[in-house]
Amino acid sequence: IFESDSKDKTVKKLRAWTRVELSTYRRLEGQYPGRSERLAHIRNVLMDKAHVSSADYIFVVDLDRISTTVPSFLSNFKYDTNQWSVMTATSHNNYYDIWALRTLSNSIMNYDIWRRVSELERSPSNYCHRSLLDGIYGIHKKRIPIEHDLIEVRSAFNGAGLYKVNSTYNCKYDGNRICEHVPFHLCIREKNQARIFINPEFRVS
Numbered sequence: 562i563f564e565s566d567s568k569d570k571t572v573k574k575l576r577a578w579t580r581v582e583l584s585t586y587r588r589l590e591g592q593y594p595g596r597s598e599r600l601a602h603i604r605n606v607l608m609d610k611a612h613v614s615s616a617d618y619i620f621v622v623d624l625d626r627i628s629t630t631v632p633s634f635l636s637n638f639k640y641d642t643n644q645w646s647v648m649t650a651t652s653h654n655n656y657y658d659i660w661a662l663r664t665l666s667n668s669i670m671n672y673d674i675w676r677r678v679s680e681l682e683r684s685p686s687n688y689c690h691r692s693l694l695d696g697i698y699g700i701h702k703k704r705i706p707i708e709h710d711l712i713e714v715r716s717a718f719n720g721a722g723l724y725k726v727n728s729t730y731n732c733k734y735d736g737n738r739i740c741e742h743v744p745f746h747l748c749i750r751e752k753n754q755a756r757i758f759i760n761p762e763f764r765v766s
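Listed below in structure tokens is the structure:
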């Protein structure tokens with residue numbers, strides 16, 4: 562577990578977990594002022610630690626917002642493990658992590674939503690900020706039915722992802738003006754032929 566700059570009793574509580582290896586860093590925000598840049602550094606540190614273990618899978622999870630069940634997690638193994646490299650989560654309610662999402666389509670959600678909003682706000686068309694958010698971001702925040710088939714994507718996360726270790730080598734997270742998951746996922750698809758899916762049964766809240 563990676564912890565940084567908590568101002569409450571987080572560290573004390575984590576150190577009470579006897580089976581946890583805790584990495585604690587102070588003043589990380591000063592070194593990496595951008596949130597996605599900071600998260601990229603954190604994820605790279607943890608990924609490097611995971612690579613020296615003998616595990617077959619890496620479970621990447623944002624602990625500030627994760628709540629799931631054992632059956633939900635185990636639903637990832639209902640599918641032939643030779644056919645997937647990464648399983649990412651959905652939500653009990655609306656799917657929220659649109660910034661990390663890149664579909665297989667060349668036109669639908671295969672772009673940076675916040676960059677698109679910024680570009681349109683600077684255009685001479687005088688778009689309303691609220692309408693841009695609804696039309697570019699909100700329209701994709703839909704609940705995915707639990708009975709839906711797996712959805713293959715270029716990138717996704719939504720708070721949790723289960724990775725086969727052999728799909729993660731030779732790639733790094735990069736949060737420089739982009740969601741840190743996107744460059745990493747595009748890299749593992751290109752270098753390791755990774756197949757990334759959203760699993761509608763793997764739900765977090």
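Throughout the sequence shown, residue numbering follows my numbering, covering 562 to 766 in sequence. All C-beta atoms in this analysis are idealised placements derived from N, C-alpha and C, irrespective of residue type, glycine included. In this text, all values refer to a predicted model and were calculated from it rather than measured experimentally.
Provide the residue span of the alpha helix (DSSP H) that contains residue i, from first to last.
i	result
E708	First-last for E708: undefined, no H or E at that position.
T571	T571 to R576
Need the endpoints of the beta strand (DSSP E) that residue i sits in, please.
i	result
K733	Counting along the chain, K733 falls outside any beta strand (DSSP E), and DSSP gives it neither H nor E.
K725	A721 to K725
T579	Unbroken run through T579: none, as it is neither H nor E.
Please report how far the alpha carbon of residue i lies from the alpha carbon of residue j, in whole angstroms.
i	j	result
L600	Y618	20 Å
H701	Y672	13 Å
R580	R704	35 Å
L635	T629	11 Å
S684	I707	39 Å
F563	S686	44 Å
T664	M670	6 Å
N667	W578	45 Å
K639	N760	11 Å
F758	T642	12 Å
F662	I749	For the sequence presented, residue 662 should be read as Leu rather than Phe. If I take the Cα positions, the gap works out to 15 Å.
R660	A717	First, the amino acid is wrong: residue 660 is Trp here, not Arg. Distance between the alpha carbons of W660 and A717: 8 Å.
G696	S565	35 Å
A650	C689	32 Å
A755	W645	7 Å
Y734	P744	6 Å
A616	H602	22 Å
G595	S567	17 Å
D623	G722	9 Å
D658	E682	22 Å
I674	L693	10 Å
Return helix, strand or coil for residue i, following the three-state DSSP convention.
i	result
G591	helix
F745	helix
N687	coil
I759	strand
R738	coil
S565	strand
S692	helix
S597	helix
S716	strand
Rounded to the nearest angstrom, how far is the Cβ of residue i from that of residue j, given a contact under 8 Å?
i	j	result
Y656	N719	6 Å
V621	Y724	6 Å
L575	L583	5 Å
F763	M608	That pair is no contact at about 20 Å.
I627	V765	5 Å
E741	S597	5 Å
Where are the alpha helix (DSSP H) runs, 4 residues long or more, that stay fully inside the region 608–676, in chain order? You should have 631–635.
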